[in-house]
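Peer 1: Next up is a structure, given as structure tokens.
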DNA sequence: GCCCACATGTAATCAGTTACATGATTCT
DNA sequence: AGAATCATGTAACTGATTACATGTGGGC
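Chains as they are written, first to last, in our numbering: chain A, 62 to 269; chain B, 62 to 269.
See below:
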């Protein structure tokens with residue numbers, strides 16, 4: 062089954078990666094190589110893929126008629142292909158968008174916290190201290206990106222890249238959460254005493 | 062390869078699922094069936110697995126000497142096995158705990174937000190309104206769980222189930238974030254106008 | 001000359017889900 | 001009598017990562 066067997070008008074429910082690529086292609090035509098770098102920021106904060114997964118998926122999308130490809134003689138042994146979303150692809154994307162997602166997130170840092178008191182308290186405190194610092198750095202970076210986006214008017218829902226801004230806002234909130242939660246956990250494990258969790262708001266005054 | 066080839070003292074780096082099961086077994090001995098239900102709350106908010114993945118993984122952990130099994134004649138055609146973590150297993154878990162995690166989260170709701178302005182604004186607003194409501198309900202549930210845990214003293218770092226509390230706190234913060242972000246997105250898409258994001262705390266009015 | 005960015009693919013493996021398969025005990 | 005819970009496994013498939021493979025053009 063899948064694609065390429067002559068029948069392209071079926072229900073053909075694609076993979077999540079396929080829809081992610083279609084979403085990227087609504088920003089304009091791109092090569093597989095460009096998509097694999099565009100999948101870095103801000104989309105990559107919440108969805109990533111390697112080129113080895115992207116190229117076969119683009120071939121499936123093309124076989125389903127959801128993207129069209131034009132070949133140019135590019136560098137290297139093979140032809141460079143620029144992909145564009147088709148009306149069928151856009152329709153499929155629109156149908157997928159309104160299906161409520163059910164997938165549950167997986168978080169390794171939270172999993173490690175579950176086993177926190179099996180580890181050495183000092184080492185665990187150091188680990189979560191580092192994670193809080195990393196979140197702090199990423200937060201600063203994201204805030205700058207967000208400020209640039211607001212200057213470009215991307216915080217308006219009608220802007221064609223409003224989605225970039227929405228994703229970045231989620232990234233900012235997620236990093237804020239990690240920063241305060243990891244700091245609370247580090248302090249708790251370090252002191253060995255009960256510390257009430259204050260939430261991300263208390264740490265919010267070192268703002269922008 | 063992996064386990065079962067006679068050599069059990071090697072570095073034998075396990076899978077993330079293996080460490081998740083070891084973490085659960087630090088709470089006490091359990092059968093595969095019990096583990097597959099314990100992997101629901103609170104751990105399941107951030108890590109899940111089906112029984113079809115758990116049983117083979119337990120066999121690998123046993124082959125590596127990280128867990129030991131005792132068989133009792135249980136219901137059904139096969140023997141019921143109760144697993145217990147071994148000193149080797151605990152040492153492996155401790156080593157894994159202090160390795161900084163790098164895996165990036167995948168979030169389908171954020172991915173859909175990236176393509177928000179390819180969808181019908183009213184339908185997208187309705188979707189994110191529903192997601193905000195779901196987050197609200199889960200938040201209320203988690204808050205009750207957290208209150209019960211505090212009554213049981215599980216908010217003290219020395220409590221053997223302090224990890225349960227830490228994971229639940231992260232769950233609460235995550236739901237809070239989703240609630241406010243999804244509500245902001247729904248309102249933005251519905252009104253079609255720029256709305257400053259206020260953040261998850263109601264006590265804040267300094268928009269961007 | 002060497003490294004990097006551009007550019008595309010395949011093969012092998014690992015992780016995870018869905019479906020198949022069996023059967024005892026307890027509750028309604 | 002039927003459904004739910006307890007209990008354990010395998011097979012087929014999909015999703016994702018790591019490693020293999022190739023080759024050009026530009027900057028240092």
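Backbone N, C-alpha and C define an ideal beta-carbon position, used for all residues, glycine too.
I need the DSSP call for residue 233/A, collapsed to helix, strand or coil.
Peer 2: Correct three-state label for residue 233/A: helix.
Peer 1: Taking DSSP's pairing of strands, which residues face residue 142/A in a bridge?
Peer 2: The partner list for residue 142/A (beta bridge, DSSP) reads 132/A.
Peer 1: From the DSSP output, which residues share a beta bridge with residue 91/B?
Peer 2: According to DSSP, which records beta bridges pairwise, residue 91/B is partnered with 144/B.
Peer 1: If you drop the 5 nearest sequence neighbours on each side, which residues of the same chain put their C-beta closer than 6 Å to that of residue 110/B?
Peer 2: Closer than 6 Å at the Cβ level, and outside the excluded window around residue 110/B, lie 78 and 100.
Peer 1: Where residue 178/A and residue 248/A are concerned, what is the direct C-alpha to C-alpha distance, given to the nearest angstrom?
Peer 2: Their Cα atoms are separated by approximately 14 Å.
Peer 1: When you compare the CB of residue 238/A with every CB in chain B, is at least one pair closer than 7 Å?
Peer 2: Yes, because at least one Cβ of chain B sits closer than 7 Å to the Cβ of residue 238/A.
Peer 1: Kindly indicate which three-state DSSP category residue 241/A falls into: helix, strand or coil?
Peer 2: Helix at residue 241/A.
Peer 1: Cβ of residue 147/B less than 7 Å from any chain A Cβ?
Peer 2: No - not a single Cβ of chain A is within 7 Å of the one on residue 147/B.
Peer 1: Using a C-beta to C-beta distance shorter than 9 Å, which residues of chain B count as neighbours of residue 216/A?
Peer 2: The contacting residues are 249, 255, 256, 257, 258 and 269.
Peer 1: If we count the other Cβ atoms within 10 Å of its Cβ and call it buried at 16 or more, is residue 280/A buried or exposed?
Peer 2: The displayed coordinates of chain A run from 62 to 269. Any statement about residue 280/A would go beyond what the structure contains.
Peer 1: Assuming the contact rule is C-beta atoms closer than 8 Å, residue 174/B and residue 244/B should be a hit. Round their C-beta distance to whole Å, please.
Peer 2: With a Cβ gap of about 13 Å, residue 174/B and residue 244/B do not count as contacting.
Peer 1: Can you name the residues of chain A whose CB is closer than 9 Å to the CB of residue 330/B?
Peer 2: This structure cannot speak to residue 330/B, because chain B is shown only from 62 to 269.
Peer 1: Measure the CB-CB distance between residue 108/B and residue 81/B and report whether it falls below 7 Å.
Peer 2: Yes, the pair counts as a contact, with Cβ atoms nearer than the cut-off.
Peer 1: What is the C-beta distance between residue 145/B and residue 90/B, in whole angstroms, given that I count them as a contact (C-beta under 8 Å)?
Peer 2: Yes, residue 145/B and residue 90/B are in contact; Cβ-Cβ is about 4 Å, under 8 Å.
Peer 1: Within the chosen definition, does the segment 202 to 209 of chain B reach the segment 223 to 239 of chain B through at least 3 CB pairs nearer than 8 Å?
Peer 2: They touch, by the three-pair rule.
Peer 1: Under 7 Å between beta-carbons, which chain A residues line up against residue 235/B? List them in chain order, please.
Peer 2: Near residue 235/B (Cβ distances below 7 Å), the residues of chain A are 238.
Peer 1: Is residue 162/B close to chain A, meaning its C-beta is less than 7 Å from at least one C-beta of that chain?
Peer 2: Judged by the 7 Å Cβ criterion, residue 162/B is in contact with chain A.
Peer 1: Apply the 10 Å Cβ neighbour rule to residue 168/B and answer buried if 16 or more other Cβ atoms are within range, or exposed otherwise.
Peer 2: The residue in question, residue 168/B, is buried, as its Cβ has 16 or more Cβ neighbours within 10 Å.
Peer 1: Could you say which of 87/A, 75/A, 113/A and 103/A lies nearest to residue 202/A if we only look at CA atoms?
Peer 2: That would be 103/A, whose Cα lies nearest to the Cα of residue 202/A.
Peer 1: Taking the Cβ atom as the reference point for each residue, do residue 150/A and residue 83/A lie within a distance shorter than 7 Å?
Peer 2: Going by C-beta atoms, residue 150/A is nearer than 7 Å to residue 83/A.
Peer 1: Would residue 261/A pass as a contact of residue 241/A if the rule is Cβ separation under 7 Å?
Peer 2: Yes, Cβ-Cβ distance for residue 261/A and residue 241/A is below 7 Å.
Peer 1: Does the beta carbon of residue 231/A sit closer than 7 Å to a beta carbon anywhere in chain B?
Peer 2: Closer than 7 Å: yes.
Peer 1: Can you check which of these residues, 92/A, 239/A, 86/A and 227/A, is closest to residue 250/B by C-alpha distance?
Peer 2: It is 227/A whose Cα lies nearest to the Cα of residue 250/B.
Peer 1: Taking Cβ-Cβ distances below 7 Å as the criterion, which residues of the segment 82 to 98 of chain A are in contact with chain B?
Peer 2: Listed by position, the residues of the segment 82 to 98 of chain A near chain B (Cβ gap below 7 Å) are 84 and 87.
Peer 1: Taking 7 Å as the threshold (C-beta atoms), are residue 238/A and residue 238/B in contact?
Peer 2: Yes.
Peer 1: Compute the Euclidean distance between the alpha carbons of residue 163/A and residue 219/A, then round it to the nearest angstrom.
Peer 2: Cα to Cα, residue 163/A sits roughly 27 Å from residue 219/A.
Peer 1: How about residue 78/B: is its C-beta nearer than 7 Å to some C-beta of chain A?
Peer 2: Chain A, which has no Cβ nearer than 7 Å to the Cβ of residue 78/B, makes this no.
Peer 1: To the nearest angstrom, how far is it from the Cα of residue 87/B to the Cα of residue 176/A?
Peer 2: Residue 87/B and residue 176/A: Cα-Cα distance of roughly 8 Å.
Peer 1: Using a C-beta to C-beta distance shorter than 9 Å, which residues of chain B count as neighbours of residue 181/A?
Peer 2: Neighbours of residue 181/A on chain B, chain order: 155, 158 and 159.
Peer 1: How long is the line joining the alpha carbons of residue 141/B and residue 95/B, rounded to whole angstroms?
Peer 2: Those two C-alpha atoms are separated by around 11 Å.
Peer 1: Suppose the cutoff is 7 Å on Cβ atoms and the five residues either side in sequence are ignored; what does the same chain contact list for residue 223/A look like?
Peer 2: Here the set comprises 215 and 217.
Peer 1: I want to verify the contact list: residues of chain A whose CB lies under 7 Å from the CB of residue 168/B, in sequence order.
Peer 2: Ordered by position in chain A, the residues that pass the 7 Å Cβ test against residue 168/B are 107 and 166.
Peer 1: Where does residue 62/A sit, in a helix, a strand or coil, going by DSSP?
Peer 2: Note that residue 62/A scores 37 on pLDDT, short of 50, meaning its location in the model is unreliable; the coordinates nonetheless yield the value given after this. Residue state, collapsed to three classes: coil.
Peer 1: What in chain B is Cβ-close to residue 273/A, meaning under 7 Å?
Peer 2: Residue 273/A cannot be examined here, being either before or after the span of chain A that is shown, 62 to 269.
Peer 1: Apart from the five residues just before and just after residue 143/B, which ones in its own chain have a Cβ nearer than 6 Å to its Cβ?
Peer 2: So the qualifying residues of the chain are 90, 92 and 131.
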